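The sequence shown begins at 6 in the working numbering and counts up by one. Working notes, beginning with the structure itself.
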Amino acid sequence: GSRILPSPLSPFTSIYRPEQGKLWFSALEKGLFEVDLATTKVKPLFEVELKNITVFDIINVGKEYVLATSKGIYQIKNSILTPKFNTENIPVSSLLMLDDFIIAGTYGKGLFCYNYISEEEEKEWSSLFPQDLSVQDLLLDSKSRIWIATYGKGVYLKKPGKNNIHHFSAEKENPYALHYNDILKIFEDNTGVVW
6 GSRILPSPLS PFTSIYRPEQ GKLWFSALEK GLFEVDLATT KVKPLFEVEL
56 KNITVFDIIN VGKEYVLATS KGIYQIKNSI LTPKFNTENI PVSSLLMLDD
106 FIIAGTYGKG LFCYNYISEE EEKEWSSLFP QDLSVQDLLL DSKSRIWIAT
156 YGKGVYLKKP GKNNIHHFSA EKENPYALHY NDILKIFEDN TGVVW
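Pasting the structure below:
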């Protein structure tokens, strides 16, 4: 296939498709870029605001976009980028929207849960998990369960309910268990199996 992205922009940290014919991607410490798939032209987005920042995850919330970055959470609303939830300088790795709440996984600082409307932190929810987790990925599965992939501490599963949490860690001798505690990605297939 043809190569449309210039190599000085790699390694890539996230790719997102905001609309038909467009592609957003982030490169390590180089901000956010948009590719027009019809012309293959690449242009930086928020070049000044995201200078030397890495975007790790992007989610859509209504007509807005929320970015997990090496310097906290940002929101794109009406083509304006603003910091969100007073998370400046917290390296946020992944985001998940659940009802009116946004869950943010961080590199080494655990999980945070915020009310998206009021921007208040739900400290009781955040305190359910170790505060030093290095979260690699978050997944809301088809059964409304939250899967949390971590580096070094396996996988956490939060089922609906107040304190319904399970922790899966490496059991090298068990063929049906995790063999490593470094889990980088979680995926649910079309049959409902989580990998």
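Virtual Cβ for every residue (Gly too), placed ideally from N, Cα, C. For clarity, every value in this text was computed on a predicted model and none was experimentally measured.
Take residue i and list the residues in its own chain whose beta-carbon comes closer than 6 Å to its own, dropping the five residues that flank it on each side.
{"i": "Leu101", "result": "Ile108, Leu143, Leu145"}
{"i": "Leu72", "result": "Val60, Ile63, Tyr79"}
{"i": "Glu124", "result": "Phe90"}
Tell me which residues share the same chain as residue i and place their Cβ nearer than 8 Å to its Cβ, disregarding the 5 neighbours each side in the sequence.
{"i": "Arg150", "result": "Leu162, Lys163, Lys164, Pro165"}
{"i": "Pro16", "result": "Ala32, Leu33"}
{"i": "Glu52", "result": "Gly36"}
{"i": "Val199", "result": "Leu144, Asp146, Trp152, Ile191, Phe192, Glu193"}
Closest to residue i by CA distance: which of the options is it?
{"i": "Tyr156", "options": "Leu138, Glu69, Lys167, Ile85", "result": "Leu138"}
{"i": "Thr59", "options": "Leu189, Ile85, Ile122, Ile20", "result": "Ile20"}
{"i": "Thr18", "options": "Thr87, Lys190, Asn94, Ile153", "result": "Lys190"}
{"i": "Ser147", "options": "Glu193, Glu129, Trp130", "result": "Glu193"}
{"i": "Ile63", "options": "Ser84, Pro23, Asn91", "result": "Pro23"}
{"i": "Leu103", "options": "Leu133, Trp152, Lys89", "result": "Trp152"}
{"i": "Glu127", "options": "Asn65, Lys48, Val198, Phe90", "result": "Phe90"}
{"i": "Lys48", "options": "Tyr70, Leu28, Glu129", "result": "Leu28"}
On the criterion of 16 or more Cβ atoms from any shown chain inside 10 Å, does residue i qualify as buried, or is it exposed?
{"i": "Gly6", "result": "Legend: pLDDT at Gly6 = 47, less than 50; position of this residue unreliable, value from coordinates given subsequently. Exposed."}
{"i": "Asp87", "result": "It should be pointed out that residue 87 corresponds to Thr in this sequence rather than to Asp. Label assigned to Thr87: exposed."}
{"i": "Thr74", "result": "buried"}
Please return the same chain residues whose Cβ sits closer than 7 Å to the Cβ of residue i, not counting the five positions on each side in sequence.
{"i": "Gly159", "result": "His172, Phe173, Ser174, Ala175, Leu183, Asn186, Ile188"}
{"i": "Tyr181", "result": "none"}
{"i": "Lys177", "result": "His184"}
Using beta-carbon positions only, say whether residue i and residue j come within less than 8 Å of one another.
{"i": "Pro135", "j": "Gly110", "result": "no"}
{"i": "Ser98", "j": "Cys118", "result": "no"}
{"i": "Glu39", "j": "Leu50", "result": "yes"}
{"i": "Lys76", "j": "Glu93", "result": "yes"}
{"i": "Tyr79", "j": "Pro96", "result": "no"}
{"i": "Ile85", "j": "Asp105", "result": "no"}
Throw me the rounded Cβ distance for the residue i and residue j pair, which I believe falls under 8 Å.
{"i": "Leu42", "j": "Gly26", "result": "5 Å"}
{"i": "Asn179", "j": "Leu133", "result": "Actually they do not touch by this definition, with Cβ atoms about 26 Å apart."}
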